[in-house]
Structure formats: structure tokens, C-alpha cells
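One structure below.
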Amino acid sequence: MAQQTIGFIGLGLMGSAMVDRLIDKGYAMTITANRSRPRIDAAVARGATEVATARDVAAASDIVMLCMDTSDSVESRMRGADGVIAGLKEGAVVIDFGTSLPGSTRALGDEVAAAGGTYLDAPLGRTPTHAKDGLLNIMAAGDKTAFDKVKPVLDDLGENVFHLGALGSGHTIKLINNFFGMTVANAMAEAFAMADVAGIDRQQLYDVMSAGPLHSGMMDFVSGYGLKGDPNQLAFAIKNAAKDVGYYARMAEQAGVDSLMSKCALGALREATETGHGENMVSQMIDFYAQKMKP
């Protein structure tokens, strides 16, 4: 599998860390610019080959990986005369590592299959730091034969690599996971802000809450900012959280059901984004709630 050629599109914080890891493991990498020129230059300096279009990436690669911010971004790179599908090798595997809408994933899967390839969704858990060390959680789904084919590569990127069933299942589970996580994070952020309003010491609130069954990793991430001023224990921007919870709500709507719990978290995240907090980390929602609660 180390002889398989890999193409990568989307060298943001996570994608560039994954590319670094794959270069370290000896894979031949082909990349194309998306937004971050410095990260492209850094990858080229380490041995990656830069090409002009997503089509060129596909033409050079046995495995094409995308790590994009939205379903629209993935679709724009997959489709069209310069897209991945147009340049796809027979038998190639395309892997979407982003957090995308399951319906979009399944539609792209049909188009990739018609072009002679296989599409897998494989959203990620953990952080870019974990990616550099090959310790990601990878929630893969799609054709099992194709998954088995690329699993050695996924094992080089992830500590925990799951196969979760039919195409789209990975993205479905990731959206449920992120909905839950961002709802908990918002609740903890408001709890700290309410402690301020009520004249309660934040540390004492945390000590009591964390001594019981409410204690969780997400509580600690938010507390990292609320108690110590460190927003980066959960390196996830508010605008991205709003996107993911919004996708969860759309997924529920497309399934014909009404998500009650997502409404509050989504409303807060969207309002925070629209009022200038979008680039801040999710733990900094404490500041948003504190501002809202000012008399």
C-alpha cells in the first residue's frame, strides 16, 4: 500500500497536518492549492508535487483525499471539467474527510461509481496535533472492499479507524456526534456566564459539576477557557460549529423530523457568528453568553 499514490485537496489546519503525516510515512503526494498558499509551499518543500487542478490531482492518484469545509466546497472540487471525477483513474478510491451532508455524499458516490471509482466518507475526530502523530479517529463508511483496500493508509492516519456501514453513515454519525458535543459545550458556556451573573465563583461551580456524572471531556475543554483563559483546548471555531449543527438540523429536516434540541445551540452559534465571534473558538461562547446576560 505504501506504493499507492495519494492526492490531497484541502490543506487547511487539519489537511496540512494529514499531508505531513503521509509524507513522513513515505507516500507519494500530489496536491493542489485551495486557500492556504503557505501550507501548499510547505508541503512542496517536503516533497509533495503541486498540480493546477483537482482533475490533475485525480489523474495522478490511486487514492484521492479531500478535507474541505463544506459540502458545497466538496461538490465544487468533485464536479466540472476540472473536477476530481473528470480525471479519475479506473478503480481509484475517493475519500471525503470533511463533515458533509449525507445526501450530498450519496449523490457524489453515484457519480464516482459511474466514472469507475469508489467514494468513501470518513469524517474525523480529534485535532490537527493528533493528525501529525497518526492518532485521529476516522469514521469511515462505504463499500467494504474499497475500505479494506485503503485501510492501511487510514491506519497510518488514525488510531481508531471505524467502518460504519453504507456510504453516508460516517457523515451521519459525525453530525450526530458534533450536534451533541456543541450542545454540551454551549450549555457549559452558558453555565459559566450564569455563574458570573449569580455571583458564583466559576471554579467552585466547576468543582461541583465535575465531581458528578456531568463531568466530561467537553466540560473540560470549555473550562480551559472559562477558568484558565486557554481557548485552544478545543481548537474548533464557532463558525464551524454553526455549520455542523446547521447540517445536523438539515439532515433532520430531510429525514422528515423536527430536531428540538439543536435549535437553541444553533441559534446561539449563528448569532455569535453574525455578531463577530465566528473566528473565536467554541469555548469562547462564554463571552457571547456573558455579553447577552449583561443587564
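Numbering-wise (the working numbering), the sequence shown opens with residue 1 and increments by one.
We treat Cβ as the ideally placed atom computed from N, Cα and C, and that holds for glycine.
Bridge partners - residue i, DSSP secondary structure assignment
i: Ile-31; result: Phe-8, Glu-50
i: Val-94; result: Val-64, Tyr-119
i: Phe-162; result: Met-139
i: Leu-124; result: Ile-138
Residue i, enclosing alpha helix (DSSP H) - first and last residue
i: His-130; result: 128-132
i: Met-281; result: No alpha helix (DSSP H) contains Met-281, which DSSP labels as neither H nor E.
i: Thr-145; result: 144-157
i: Asp-69; result: Note, Asp-69: premise wrong, no alpha helix (DSSP H); not H, not E.
i: Asp-24; result: 13-24
i: Thr-105; result: 102-114
i: Ala-45; result: 37-45
i: Leu-266; result: 262-272
Residue i (DSSP reduced to helix, strand or coil)
i: Ala-86; result: helix
i: Gly-181; result: helix
i: Lys-294; result: coil
i: Gly-80; result: coil
i: Thr-275; result: helix
i: Leu-167; result: coil
i: Thr-172; result: helix
i: Ala-2; result: At Ala-2, the pLDDT of 48 sits below 50, so the modelled position is not reliable; the number obtained from the coordinates is stated separately. In this structure, Ala-2 counts as coil in the three-state DSSP scheme.
i: Tyr-289; result: helix
Selected residue, minimal CA-CA separation from residue i, among the options
i: Cys-264; options: Asn-232, Glu-90, Phe-180, Gln-203; result: Phe-180
i: Gln-3; options: Ala-249, Leu-11, Leu-22, Ile-9; result: Leu-22
i: Ala-17; options: Gly-83, Tyr-289, Gly-134; result: Gly-134
i: Met-68; options: Ser-61, Ser-76, Tyr-119; result: Ser-76
i: Tyr-248; options: His-163, His-171, Leu-214; result: His-171
i: Tyr-225; options: Arg-106, Asn-186, Arg-55; result: Asn-186
i: Met-301; options: Gly-109, Arg-79, Pro-123; result: Outside the displayed range of the chain (1 to 295) lies residue 301, so it cannot be described from this structure.
i: Met-78; options: Met-261, Thr-49, Ala-113; result: Ala-113
i: Val-93; options: Pro-295, Ala-60, Ser-71; result: Ala-60
i: Ile-238; options: Pro-102, Gly-47, Phe-288; result: Phe-288
i: Arg-270; options: Ile-31, Gly-12, Met-285; result: Met-285
i: Thr-99; options: Gly-83, Val-84, Asp-72; result: Asp-72
i: Thr-296; options: Ser-259, Thr-145, Thr-70; result: Absent from the structure is residue 296, since the part of the chain shown begins at 1 and ends at 295.
i: Ala-290; options: Asp-110, Gly-91, Met-188; result: Met-188
Uninterrupted alpha helix (DSSP H) stretches inside the segment 186-260 (no shorter than 4 residues)
202-210, 217-228, 238-254
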